[in-house]
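Residue numbers are given in the UniProt record's numbering: position 720 of the sequence shown equals residue 720, and the series is strictly consecutive.
In this text, a Cβ means the ideal position worked out from N, Cα and C, and glycines have one as well.
Quantities reported herein were computed from a predicted structural model and do not represent experimental measurements.
First comes the structure, then the notes that go with it.
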Amino acid sequence: MLRPIYLVKFLLLFPFIFLFLSHSSLLAQKQNENYQLHISRATSAITLDGVVDEAAWQAAEVATNFWMVLPMDTSRARVRTDVRMTYDANTIYLSAVCYHGYVAGPYIVESLRRDWAFGKNDNFIFFMDTFDDQTNGFTFGTNAAGAQWDGLLYEGGKANLSWDNKWASVVRNYDDRYVLELAIPFKTIRYKKGISRWGINFSRQDLKTTEKSSWTPIQRQFPTASLALTGVLVWDQPPPQPGPNISLIPYALTGITRDYQNGVPTKSRFDAGIDAKVAITSSLNLDLTVNPDFSQVDVDQQVTNLDRYELFFPEKRQFFLENGDQFTNFGYATIRPFFSRRIGLGGVPIRFGARLSGKLNKDWRIGIMDMQTGRVDDTGLPAQNFAVVALQRRVSARSNVGFMFVNKESLSNESVTDKTLYSRYNRNLGLEYNLASANNLWSGKALYVKSFSPDQPGDDAVYAANLQYFSRKWLISGQVESVGKYYTAEAGYVPRRGYERGMTTIGYTFLPTGSPVLNHGPTLTSMYFFDPTWKQSDNESTLSYAVTFRSRSVFTAWVATDYVRLLQPFDPTNTGRETLTTGTEHSWTAWGTDFDSKPQSVFTYGFSSRYGGYYANGTRLNLTADLGYRFQPYVSLAASASYNDIRLPQPWGRTTFWLVGPRFDLTLTNTLYLTTFVQYNEQQKNMNVNARIQWRYKPASDFFLVYTDNYLPNSAQIGQDVPGFFSVKNRALVLKWTYWWNI
1 MLRPIYLVKF LLLFPFIFLF LSHSSLLAQK QNENYQLHIS RATSAITLDG
51 VVDEAAWQAA EVATNFWMVL PMDTSRARVR TDVRMTYDAN TIYLSAVCYH
101 GYVAGPYIVE SLRRDWAFGK NDNFIFFMDT FDDQTNGFTF GTNAAGAQWD
151 GLLYEGGKAN LSWDNKWASV VRNYDDRYVL ELAIPFKTIR YKKGISRWGI
201 NFSRQDLKTT EKSSWTPIQR QFPTASLALT GVLVWDQPPP QPGPNISLIP
251 YALTGITRDY QNGVPTKSRF DAGIDAKVAI TSSLNLDLTV NPDFSQVDVD
301 QQVTNLDRYE LFFPEKRQFF LENGDQFTNF GYATIRPFFS RRIGLGGVPI
351 RFGARLSGKL NKDWRIGIMD MQTGRVDDTG LPAQNFAVVA LQRRVSARSN
401 VGFMFVNKES LSNESVTDKT LYSRYNRNLG LEYNLASANN LWSGKALYVK
451 SFSPDQPGDD AVYAANLQYF SRKWLISGQV ESVGKYYTAE AGYVPRRGYE
501 RGMTTIGYTF LPTGSPVLNH GPTLTSMYFF DPTWKQSDNE STLSYAVTFR
551 SRSVFTAWVA TDYVRLLQPF DPTNTGRETL TTGTEHSWTA WGTDFDSKPQ
601 SVFTYGFSSR YGGYYANGTR LNLTADLGYR FQPYVSLAAS ASYNDIRLPQ
651 PWGRTTFWLV GPRFDLTLTN TLYLTTFVQY NEQQKNMNVN ARIQWRYKPA
701 SDFFLVYTDN YLPNSAQIGQ DVPGFFSVKN RALVLKWTYW WNI
């Protein structure tokens, strides 16, 4: 007879069999195959001026008569958009004439800052599936004031907006419309030599009418970025090869730092380094870096952490982004064998690195990365090497099989008195199957990963699988996971080990007509954790009800029940105080609400609340508010505040803390920005001020001036026993220059 643990793992493997056997039934013709736009070589030169009067534009085929996606997805759009595309030997051109809708008033935008929030801007965006594989691609666009948007598309329609590259755009506003023109060099994107069909779609948002529209018909539960639902861009001949495609991106940096807390005097610094991008083919890219620096990257937004496990923060560093999904999205949100933020953060220097990534052909995709970090004497951390190999094979219209190998190795690892002894190596070997149906309704994944470390005792593997069905009215999904007690991913993100988990979600959406309510409906989610002996350790069940109004405001109410049996000591306030003991059991019920106002107002707001039980028969109250105001298009003000009131028996008693984060964006033009971000985290006893000026003097080339202050614990609180009000802990000022040079 099978022990329960092995039975569970057998059941976890069952979706592998199901998915492989069923994927052939999911093959189908591309859903919007009949939507075709023919692109021909330009008959005249194109000038980016927002006028669209060149002969080449007059001769180009027009994509128009868009479909409405929101508020309804059953009729043509009422707001007109006309799109044309053409090209020459070096560049793809796009023009879009975006006519104003039937509601009077100025356009609505946040600011001129790049990569704005989609839901808060009148905008035009388009999506290119340059391999016609319905999985990966590129997105470009602007808001109505001319602020640019660019990103990488992955997993069939998710966008990573941290990606940045060279292209140009102009927006001109008229009384009845705004017109944009874009020029995207062939060297900026990746595509297969000889291919003459790309996936393409265009998306328009007009907030005054609350209308979102798409060139191809898309059901409203899906984003307009869904590559499965693109039309076809038909080339009159295969796109020209870009020729030698080598980019050098040097940087130089100078700055000063001072550590007031430890009495370290002001220190100056100068650094220089270089990145290189070499197109091995038009679809395969080699990235190289020597002594990189990422000081200009936006700071992470702090959060109140009452979780028992490590929090996740996304990667923002440019070097790791192109084709980064193949590395960092292998696995699940909390089971990532590789997580690039493990490399070079926390004062660890990156000496050099190389990354080869892209398409071998329409079916095969490859990623190879090798990074070398330097030694950190203060902690005894040795120099380390991170090597990753990822290989992906398409097995049907949109599904694929992925393989990954990760090796983290310490070089010259020696035992040092009073220093941590780091492991000699840690390796992960994994296989996954990703299911994505041609009609976008079904998705799923099955995963197996095993780790290898010195003296590893076994029980070191991961089994996991999920399957989801998402239609206009139904959301049904199930997921199972088994993570071994000794499974280790030192170069990954796996915050919890030694558990079995089952999770299911079911939701239904009502779609009323002739009502101020756009849609509404309940969602039930239930999640159970078990320890390796098959004894329950956690469960959480949540019933929520969401109402979306035609104005785009959303209100949600929920109630949840929780049970926790602690597997290790835990401080329920996460402030370094006394801990609850291992094995103690806790259960409670809580309820909450969330509201987000309509995005078309210059003043936007949102709030959330949570009240109910907590650990040790205590209570927890959480109130959060988000405010925003814009003086469009130049100034955007935002502020968020979160208050927690936790009441527990002694020795904790009552604990309260605030998390406050005002942000100020001044965009004088769409190439000159000032951003100031203040974060006060009472739980972490830290206050941070980060101010950044960015001048994009040429496409993808910048000057940055970054000022950072951190303040001593409680120094922002009057009456605390600290050396002065707003006493500085440390301070830094950095000036950085980058230049993108195409050879």
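Problem - CB contact flag (Thr135, Ala436, <9 Å) - result: yes
Practice task
List in chain order: all unbroken beta strand (DSSP E) runs of 3+ residues lying wholly within the region 152 to 199.
Solution key: 158 to 160, 168 to 173, 177 to 185
Exercise for the section: Quick one: grab the DSSP three-state call for Arg497. Expected result: coil
Practice task
May I have the straight-line CA-CA distance separating Tyr508 from Gly199, to the nearest angstrom?
Solution key: Going from the Cα of Tyr508 to the Cα of Gly199 covers about 31 Å.
Practice task
State buried or exposed for Leu253, treating a residue as buried only when at least 16 other CB atoms are found within 10 Å of its CB.
Solution key: buried
Practice task
Answer yes if the region 481 to 488 comes into contact with the region 514 to 523, meaning at least three C-beta pairs across the two stretches below 8 Å, and no otherwise.
Solution key: no
Practice task
For the region 67 to 87 and the region 106 to 119, state whether three or more C-beta atom pairs, one from each stretch, are separated by less than 8 Å.
Solution key: no
Handout entry: Backbone CA spacing between Ser203 and Ile125 [nearest angstrom]
Key = 5 Å
Problem - Ile246 versus Lys187: straight-line alpha-carbon distance, rounded - result: 9 Å
Practice task
Return the first residue and the last residue of the alpha helix (DSSP H) that Ala59 is part of.
Solution key: Looking at the DSSP string, the run of the alpha helix (DSSP H) that includes Ala59 is 55 to 59.
Exercise for the section: List in chain order: all unbroken alpha helix (DSSP H) runs of 4+ residues lying wholly within the region 249 to 274. Expected result: Runs found: none.
Exercise for the section: Keeping to the same chain, check which residues put their C-beta closer than 6 Å to that of Leu733; ignore five residues upstream and five downstream. Expected result: Gly255, Ile256, Tyr707
Problem - Span of the beta strand (DSSP E), counted from its first residue to its last, around Thr86 - result: 81 to 87
Practice task
With a threshold of 16 other CB atoms inside 10 Å of the CB of Ser412, please say whether the residue is buried or exposed.
Solution key: exposed
Handout entry: Cβ neighbours of Val52 in the same chain (closer than 8 Å, five flanking residues each side left out)
Key = Taken in chain order, the residues that qualify are Arg84, Ser95, Val97, Val179, Glu181.
Practice task
Would you be able to state if there are at least three C-beta pairs under 8 Å between the region 259 to 279 and the region 288 to 299?
Solution key: yes
Practice task
Please go through the same chain and pick out, in chain order, the residues whose beta-carbon is closer than 7 Å to the beta-carbon of Gln456, but skip the five residues on each side of it.
Solution key: Here the set comprises Tyr486.
Handout entry: Limits of the beta strand (DSSP E) - the one that Gln392 falls within
Key = 384 to 394
Handout entry: residue 747, enclosing alpha helix (DSSP H) - first and last residue
Key = Lying before the first or after the last residue shown, residue 747 is absent from the chain, which here runs from 1 to 743.
Exercise for the section: Just confirm the distance between the C-beta atoms of Ser482 and Tyr463, as a whole number of angstroms; I'd bet it's less than 8 Å. Expected result: Taking 8 Å as the upper bound for CB-CB distance, Ser482 and Tyr463 are in contact here, some 4 Å apart.
Practice task
Using alpha carbons as the reference points, say which of Ile218, Ser640, Ile195 lies closest to Gly157.
Solution key: Ile218
Exercise for the section: State the DSSP-derived secondary structure class of Lys362, mapped to helix, strand or coil. Expected result: coil
Practice task
Count the other CB atoms, across all protein chains shown, that sit within 10 Å of the CB of Pro723; report buried if there are 16 or more and exposed otherwise.
Solution key: Any reading at Pro723 is ruled out, since the residue's pLDDT is 48, under 50, leaving its predicted position unreliable.
Handout entry: Alpha-carbon spacing of Phe319 relative to Trp591, whole angstroms
Key = 42 Å
Problem - Met128, enclosing beta strand (DSSP E) - first and last residue - result: 123 to 129
Practice task
Could you name the residues that DSSP lists as bridge partners for Arg647?
Solution key: Thr619, Arg654
Exercise for the section: Please determine, among Arg427, Tyr425, Glu578, Ser399, the residue with the shortest C-alpha to C-alpha distance to Tyr433. Expected result: Ser399
Practice task
Grab me the residues of Gly151's own chain with a C-beta within less than 6 Å of its C-beta, minus the 5 sequence neighbours each way, in chain order.
Solution key: Thr139, Ala159, Asn160, Leu161, Trp163
Practice task
Check whether the region 538 to 554 touches the region 583 to 603, taking contact to mean three or more Cβ pairs, one atom from each stretch, closer than 8 Å.
Solution key: The region 538 to 554, when compared against the region 583 to 603, does touch it at the 8 Å Cβ threshold.
Practice task
On a CA-only basis, which of Asp377, Ala387, Asp363 is nearest Met371? Give me that one, please.
Solution key: It is Ala387 whose Cα lies nearest to the Cα of Met371.
Practice task
With distances taken Cα to Cα, identify the nearest neighbour of Val62 among Gly50, Tyr154, Asp82.
Solution key: Asp82
Handout entry: Cβ-based neighbour list, Leu286, same chain, cut-off 6 Å, excluding 5 preceding and 5 following
Key = Within the same chain, Leu286 has close Cβ partners Val278, Ile280, Leu356.
Problem - Three or more C-beta pairs below 8 Å linking the region 638 to 647 and the region 620 to 627 - result: yes
Problem - Beta-carbon proximity list for Asp175, same chain, < 7 Å, skipping 5 on both sides - result: none
Practice task
Starting from the Cα of residue 761, find the closest Cα among Met128, Tyr93, Tyr99, Gly146 and give me that residue.
Solution key: Residue 761 is absent from the model: the chain starts at 1 and stops at 743.
Exercise for the section: Answer yes or no: does any C-beta atom of chain B fall closer than 9 Å to that of Pro244? Expected result: The structure shown contains no chain B, having only a single protein chain.
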